[in-house]
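*Asks:* Handing you this structure, nothing more for now.
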Amino acid sequence: MDTDELPSAADSIGFIKGLDKPTVSDVLRAAQAQGLVAVQPRCGVGGHEQMRALLLALEEGAHPDILSLTIDSYTRLNQFDRALSSLSNAPEEMNGYPLVTHGWRRGRDLNQAVSAPLEVRHGSPLPHRLFETTIASGITSFEGGGISYNLPYCKDVPLAASLDAYAEIDARCGELAQAGVVVDRELFGSLTGVLVPPSVSLAISVLEAVMATRAGVTCVSIAYPQAGNLVQDVAALRAIRSLASRYLPSSVDVHPVLHEFMGVFPKSRARAEQLIFAGALTARLGGAAKVVTKTIQEGYGIPDASANVHGMRLARIANAPFVRAIRLDEDALEEEQHWIEREVDEIVGPLLGAANLPLAISSAFERGSLDVPFSASRHARSNVMPCRDRAGAVRYLDAGGLPFSEDVMRRNRSLLDDRWLTVTDHDRMRLLMADINYFLEPPGEQDFDFAPTVVDSATQGADPEETYAA
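Structure follows, in structure tokens:
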């Protein structure tokens, strides 16, 4: 483990300002101004030279606007001794880059090796050391929040602890902003990545964004997970700006982000490519500043560099001029956006007036008036049960304790397929699994000519939000 002391804040600020590249905030602002979508891959391996080679291969192959530094599971959980042991004995088996173990000097080396700015994607509920090493490395975007990087993946980290940790990080971002360095804070609205209702995703991101901006954060990216229904997904992305204007200071830069489909991925090349392009198209039509891409190898495991390059190139087609001519049903979009925003308002409205917002959030999760479906944590009730409607949009089969009005629930029930209303518990589980596997092709329709083979770790890239060991 790098035992060097971290450089001074002044040194880190000077290093960032001296880099011959834009910050992540600069890239996102430029993309929004041009009406285009910045493209970012997922990637991370254990060895330093392998990580460097991977970043260079991705930059040479697809010219991403932003590059990822995905962190390994041990570092995410502050198990630095285990990270060091794994790095020393089997770095090729790590599912990400152990930045704290490698140290800030190597972080700077990665940063200076590529033209695109870097973002740290990690999944840590208590990321103090990781954040400080990130800034010392000159990296200008840091993902996560006290809710979204705790409840989806961690079994028993108290919300109060993770909320407090991210409050400190957001305060540091505020200090950096005052010194002229803007750190983008991407909020992980994808949560578990499994049938996440748009209003749950956006409500949690709104709460995290409110806390972040109160602490001094000046650039917030609100990420939404592609669910698969184009109208619903575009409406959710468009709702982000509307919600931001309602709940966040006008001085804060807010950037909608789309995470391409996080669920069970199809194995056939054709279906995988369709889903990847659909995600990028959704991002463009929804006004996203950035899309975080997937690959045709997602259904098999960790993708290699060539698949990552292919996924980025495919996604970038959505930036073509012809996409401006694509029109969706605006009436359907406006209606869906209206109801998404109303649901978000009904979830967050009772909380935002609290004198102590973090305490109010913790109490709401205890009551179930805030919830995360399929959460691994004992600090979330997971009483919300989502499902797909007849058009594939994600609805509430059971809203649990979420404080929805009767109007909201009546509309939700009206959209559910009749199949959900009369089934046995056994059939309900079967239908739920079918909804989770919505994009998985039937047996016999798969092809295997592009599955990744065992390759050197320099050509591999771990997926940041699907390899948690919490």
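All letters in the sequence shown, in the order written, are residues 14 to 483 by the working numbering. Think of the CB as a built atom: it goes at the ideal place given N, C-alpha and C, for glycine as much as any other residue.
1. Starting from Pro269, trace the alpha helix (DSSP H) both ways and give me its first and last residue.
2. For Val304 and Val127, which I take to be in contact (beta-carbon distance under 8 Å), what is that distance rounded to the nearest angstrom?
3. In three-state DSSP terms, what is Arg401?
4. What separation, rounded to the nearest whole angstrom, lies between the Cα atoms of Glu273 and Ala293?
5. If we count the other Cβ atoms within 10 Å of its Cβ and call it buried at 16 or more, is Glu62 buried or exposed?
6. What does the alpha-carbon distance come out to for the pair Asp94 and Gly109?
7. For my contact list, Thr83 and Arg55 are in at a C-beta cut-off of 8 Å; report their separation, rounded to the angstrom.
8. Who does Thr83 pair with in a DSSP beta bridge?
9. Using beta-carbon positions only, say whether His135 and Leu123 come within less than 8 Å of one another.
10. When you compare only the Cα positions, how much space is there between Val50 and Leu271?
11. Secondary structure at Ala149, three-state DSSP: helix, strand or coil?
12. So what does DSSP say about Phe461, is it helix, strand or coil?
13. I'd like the span of the alpha helix (DSSP H) that includes Lys30, first residue to last.
14. Under 8 Å: do the stretch 154-165 and the stretch 377-395 share three or more Cβ pairs, one atom per stretch?
15. Please state whether DSSP places Tyr237 in a helix, a strand or coil.
16. Output the boundary residues of the beta strand (DSSP E) element that contains Phe155.
17. Tell me the rounded alpha-carbon separation between Arg198 and Phe155.
18. DSSP state of Gln53, grouped into three classes?
19. For Leu80 versus Ala129, is the C-beta spacing smaller than 8 Å?
20. Leaving aside the five residues before and after Met422 along the sequence, list all residues of the same chain whose C-beta is less than 7 Å from its C-beta, in chain order.
21. Please return the same chain residues whose Cβ sits closer than 8 Å to the Cβ of Arg408, not counting the five positions on each side in sequence.
22. Can you have a look at Ser264 and say buried or exposed, based on whether 16 or more other CB atoms are within 10 angstroms of its CB?
23. Quick one: what does DSSP say Glu181 is sitting in, helix, strand or coil?
24. Starting from Glu199, trace the beta strand (DSSP E) in both directions and tell me its first and last residue.
25. What are the boundary residues of the alpha helix (DSSP H) that includes Tyr110?
26. Quick one: give me the first and last residue of the beta strand (DSSP E) that Tyr409 is part of.
27. As a quick exercise: from Thr36, Met446 and Gly27, pick the residue whose alpha carbon is nearest that of Ser277.
28. For a test of the three-state rule: what should DSSP assign to Asp317, helix, strand or coil?
29. Just curious, the alpha helix (DSSP H) that Val219 is in, first and last residue?
30. For the alpha helix (DSSP H) that contains Val421, what are its first and last residues?
31. For the alpha helix (DSSP H) that Val247 lies in, which residues bound it at each end?
32. Please report the distance separating the alpha-carbon of Ser255 from that of Arg340.
33. How many Å lie between Asp384 and Ala333 at the Cα?
*Replies:* Taking the definition as stated:
1. No alpha helix (DSSP H) holds Pro269; the beta strand (DSSP E) holding it covers Asp266 to His272.
2. Val304 to Val127, Cβ: 19 Å. No contact.
3. Note: Arg401 maps to strand in three-state DSSP.
4. 7 Å
5. exposed
6. 15 Å
7. Yes, they are in contact, since the Cβ atoms of Thr83 and Arg55 sit about 6 Å apart, within 8 Å.
8. Arg134
9. no
10. 10 Å
11. DSSP places Ala149 in helix when its eight states are reduced to three.
12. With a pLDDT of 46 at Phe461, under the threshold of 50, the predicted position of this residue should be treated as unreliable, and no value is reported.
13. Judged by DSSP secondary structure, Lys30 falls within the alpha helix (DSSP H) whose first and last residues are Ala22 to Gly31.
14. yes
15. The answer is strand: DSSP assigns Tyr237 an E or B state.
16. Ser154 to Glu156
17. 5 Å
18. Note: Gln53 maps to strand in three-state DSSP.
19. yes
20. Result list for Met422: Ala412, in chain order.
21. Pro210, Pro399, Cys400, Arg401, Asp402, Asn425, Leu428 and Leu429
22. exposed
23. helix
24. Asp197 to Leu200
25. Careful: Tyr110 lies outside any alpha helix (DSSP H) and carries neither H nor E.
26. Taken as a continuous stretch (DSSP letters only), the beta strand (DSSP E) holding Tyr409 covers Val407 to Asp411.
27. The question names Ser, but residue 277 is Val in the sequence shown. Per the Cα distances, Met446.
28. strand
29. Pro211 to Ala228
30. Glu419 to Leu428
31. Leu243 to Tyr260
32. 21 Å
33. 39 Å
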